[in-house]
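Here the working numbering is used: the first residue of the sequence shown is 11, the next is one more, and so on.
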Amino acid sequence: MLGTLREEGILDDTIIVFTADHGDMLGRHGLWAKRLFYEGSANVPFLLVPQKGDDRVTENSCDDRLINLRDVMPTLLDQAGIPIPDSCDGIPIVGDRRREHAYGECNEGPMSARMIHDGRYKLVYYPAGNCRQLFDLHDDPTELHDLSADNIHAEELERLTVLLCSELYGSDQDWVNDAGDLVGLPDQECPPLSNRGLALQRGVHWPPAPVTPPDIGETNPGTN
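The following block contains the structure:
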């Protein structure tokens, strides 16, 4: 792509964003694929190359501000000098305006997961069983120590829980009782899965192709 832009003589006038819709656990915490709010799944790359001469983004600079994928559109509009609609939920990632926390959601019902991240502390919430996990990403970037039961971090846990409740809408609001307490959903048994197919990571074909055992005596069986 970059080669074509260069050959066409428009590379200097092109704004480039490189990002992804999700990461991959790759075995961290014994988990694979996405739909999780651990860093391996939720923390995705975001690279911005501005038009030539735009000094709002300096070469080799790195910014640790919190961003969401909903910030892609307003960032591109801002870089192109186009007004951002008032209805836009996101904010440009360049400039003085920064979000104080990031909210994430995945799935509905018993399979739901929600997240609040303030730049240092991350609260991961599973409504089934009303389970909270709290991580200090500064001291524990690999998320190996859940601090939700640590009295020393009770203030951070409560603060992020209040923020989480303020972001809930629709049927998610049923997880909060009349007193404003987060109560979630009844716990349920969730046996581990073998996941020998690595969640289709060897190639996605939907529906998955049937696996037919080779005929007896076949020396070089093909694959479906």
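Quick reminder that beta carbons are idealized off the backbone N, C-alpha and C, glycines included.
Sheet register partners of residue i (DSSP bridge)
| i | result |
| --- | --- |
| glycine 114 | Met125 |
| leucine 270 | Lying outside 11 to 234, the shown extent of the chain, residue 270 is not represented and no answer is given. |
| valine 59 | Ile26 |
DSSP three-state assignment for residue i, whether helix, strand or coil
| i | result |
| --- | --- |
| isoleucine 26 | strand |
| arginine 142 | strand |
| valine 54 | coil |
| leucine 170 | helix |
| leucine 195 | strand |
| proline 231 | Residue confidence for proline 231 is low, a pLDDT of 49 falling below 50, so the modelled location carries little weight and cannot support an answer. |
| valine 104 | coil |
| valine 186 | strand |
| arginine 109 | coil |
| alanine 164 | helix |
| methionine 11 | coil |
| cysteine 72 | coil |
| serine 97 | coil |
| arginine 45 | coil |
| proline 120 | helix |
| valine 82 | helix |
| glycine 180 | helix |
| leucine 21 | helix |
| aspartate 88 | helix |
| histidine 39 | helix |
Cβ distance (whole Å) where residue i is taken to contact residue j below 8 Å
| i | j | result |
| --- | --- | --- |
| phenylalanine 56 | threonine 29 | 5 Å |
| leucine 178 | leucine 133 | In fact, because the Cβ distance is near 13 Å, the residues do not count as touching under 8 Å. |
| leucine 300 | alanine 112 | No statement about residue 300 is possible, as the shown extent of the chain runs from 11 to 234 and does not include it. |
| asparagine 78 | glycine 100 | 6 Å |
| leucine 58 | isoleucine 20 | Wrong, their Cβ atoms sit about 18 Å apart, outside the cutoff. |
| alanine 43 | glycine 114 | About 16 Å separates the two Cβ atoms, so there is no contact after all. |
Proximity test, Cβ basis, 7 Å: residue i and chain B
| i | result |
| --- | --- |
| glutamate 115 | Absent from the structure: chain B. Only one protein chain is present. |
Any non-hydrogen atom of the ligand NAD closer than 6 Å to residue i Cβ
| i | result |
| --- | --- |
| glutamine 183 | The model on display carries no ligand, and the ligand NAD is accordingly not part of it. |
Residue i to residue j span [Cα, whole Å]
| i | j | result |
| --- | --- | --- |
| cysteine 116 | leucine 15 | 36 Å |
| arginine 109 | leucine 87 | 18 Å |
| leucine 147 | aspartate 128 | 10 Å |
| threonine 233 | arginine 142 | Unreliable placement is indicated for threonine 233, whose pLDDT of 49 sits below 50; no coordinate value is reported for it. |
| leucine 154 | glutamate 17 | 48 Å |
| tyrosine 131 | methionine 11 | 38 Å |
| tryptophan 185 | tyrosine 48 | 22 Å |
| glutamate 166 | glycine 63 | 42 Å |
| aspartate 160 | leucine 144 | 9 Å |
| methionine 125 | cysteine 175 | 11 Å |
| aspartate 182 | glycine 190 | 13 Å |
| alanine 123 | leucine 46 | 7 Å |
| leucine 192 | glycine 119 | 15 Å |
| aspartate 197 | asparagine 187 | 16 Å |
| glutamate 168 | glycine 194 | 15 Å |
| valine 67 | glutamine 61 | 9 Å |
| cysteine 200 | leucine 41 | 14 Å |
Next on the checklist: Contact between the stretch 89-97 and the stretch 136-143 is defined here as three or more beta-carbon pairs at a separation below 8 Å; is this criterion met?
Outcome noted: no
Checklist entry - Would you call the stretch 27-43 and the stretch 73-83 touching, i.e. three or more CB-CB distances under 8 Å? => result yes
Checklist entry - Do three or more CB pairs link the stretch 64-73 to the stretch 29-39 at distances below 8 Å? => result no
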